[in-house]
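The next block holds one structure in the form of C-alpha coordinates; read it before the comments.
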Amino acid sequence: MISTSINLTHFDISETGFEDSFMRSAESIWQEAISYKPRTHLGQKLWGIRERIIASGEPLLTWEEIEREIFAERGEKE
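So in the numbering used here, spot 72 of the sequence shown is number 500, and the numbers just go up one at a time.
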(Lines of atoms letter the chains of each structure in order from A and count residues from 1; the text may use other names and numbers.)
(Lines give C-alpha, C1' and ligand atoms only; values in the text may rest on other atoms or scores of the structure.)
Protein backbone atom coordinates (compact mmCIF):
# COMPACT_ATOMS: atom_id res chain seq x y z
CA MET A 1 0.00 0.00 0.00
CA ILE A 2 1.15 3.49 -0.76
CA SER A 3 0.28 6.29 1.60
CA THR A 4 1.09 9.87 0.87
CA SER A 5 0.23 13.19 2.43
CA ILE A 6 1.18 16.55 1.01
CA ASN A 7 0.63 19.88 2.74
CA LEU A 8 1.00 22.78 0.35
CA THR A 9 -0.56 25.39 2.63
CA HIS A 10 2.36 27.81 2.41
CA PHE A 11 4.01 26.59 -0.77
CA ASP A 12 3.27 27.70 -4.32
CA ILE A 13 4.64 24.97 -6.55
CA SER A 14 3.90 27.00 -9.69
CA GLU A 15 6.80 29.27 -8.74
CA THR A 16 9.26 26.36 -8.86
CA GLY A 17 8.71 25.30 -12.45
CA PHE A 18 8.02 21.74 -11.26
CA GLU A 19 4.24 22.03 -11.26
CA ASP A 20 3.60 19.76 -14.27
CA SER A 21 6.08 17.13 -13.11
CA PHE A 22 4.70 17.20 -9.58
CA MET A 23 1.10 16.87 -10.77
CA ARG A 24 1.96 13.92 -13.03
CA SER A 25 3.75 12.18 -10.15
CA ALA A 26 0.92 12.84 -7.71
CA GLU A 27 -1.66 11.58 -10.22
CA SER A 28 0.38 8.43 -10.87
CA ILE A 29 0.69 7.69 -7.15
CA TRP A 30 -3.03 8.35 -6.60
CA GLN A 31 -4.06 6.05 -9.48
CA GLU A 32 -1.83 3.27 -8.15
CA ALA A 33 -3.27 3.64 -4.65
CA ILE A 34 -6.93 3.60 -5.68
CA SER A 35 -6.47 0.67 -8.09
CA TYR A 36 -4.77 -1.57 -5.50
CA LYS A 37 -6.29 -5.06 -5.29
CA PRO A 38 -5.07 -7.52 -2.64
CA ARG A 39 -3.95 -10.85 -4.09
CA THR A 40 -4.41 -13.24 -1.17
CA HIS A 41 -7.47 -14.19 0.86
CA LEU A 42 -5.89 -12.65 3.98
CA GLY A 43 -5.06 -9.48 2.07
CA GLN A 44 -8.65 -9.24 0.81
CA LYS A 45 -9.98 -9.74 4.34
CA LEU A 46 -7.67 -7.07 5.79
CA TRP A 47 -8.45 -4.66 2.93
CA GLY A 48 -12.17 -5.13 3.59
CA ILE A 49 -11.66 -4.29 7.28
CA ARG A 50 -9.67 -1.19 6.28
CA GLU A 51 -12.41 -0.06 3.89
CA ARG A 52 -15.10 -0.46 6.58
CA ILE A 53 -13.04 1.60 9.04
CA ILE A 54 -12.51 4.37 6.48
CA ALA A 55 -16.22 4.35 5.52
CA SER A 56 -17.17 4.71 9.20
CA GLY A 57 -15.14 7.92 9.43
CA GLU A 58 -12.84 6.45 12.07
CA PRO A 59 -9.20 7.45 11.44
CA LEU A 60 -6.72 4.68 10.69
CA LEU A 61 -4.16 3.95 13.40
CA THR A 62 -0.47 4.70 12.94
CA TRP A 63 2.06 1.89 13.37
CA GLU A 64 2.91 3.27 16.80
CA GLU A 65 -0.76 3.19 17.85
CA ILE A 66 -1.11 -0.38 16.57
CA GLU A 67 1.97 -1.47 18.53
CA ARG A 68 0.64 0.22 21.69
CA GLU A 69 -2.67 -1.65 21.36
CA ILE A 70 -0.87 -4.96 20.83
CA PHE A 71 1.36 -4.39 23.87
CA ALA A 72 -1.65 -3.40 25.99
CA GLU A 73 -3.64 -6.45 24.85
CA ARG A 74 -0.74 -8.75 25.74
CA GLY A 75 -0.08 -6.96 29.02
CA GLU A 76 3.43 -6.05 27.90
CA LYS A 77 5.33 -2.84 28.44
CA GLU A 78 6.50 -0.90 25.39
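Don't be surprised by glycine CBs; every beta carbon is placed ideally from N, CA and C.
Computed from a predicted structure; not experimentally measured.
Helix, strand or coil: which one does DSSP assign to residue i?
i      : result
Arg478 : helix
Ser449 : helix
Ser456 : helix
Leu470 : helix
Ser463 : coil
Please report the residue range of the alpha helix (DSSP H) in which residue i lies.
i      : result
Ala496 : At residue 496 the sequence reads Arg, which differs from the Ala that was named. Per DSSP, Arg496 belongs to the alpha helix (DSSP H) from Trp491 to Arg502.
Ignore the nearest five residues each way along the sequence and tell me which others in residue i's own chain have a CB closer than 8 Å to its CB.
i      : result
Ile462 : none
Since residue i and residue j are thought to touch, with beta carbons under 8 Å apart, how far apart are those beta carbons, to the nearest angstrom?
i      : j      : result
Trp475 : Pro466 : 5 Å
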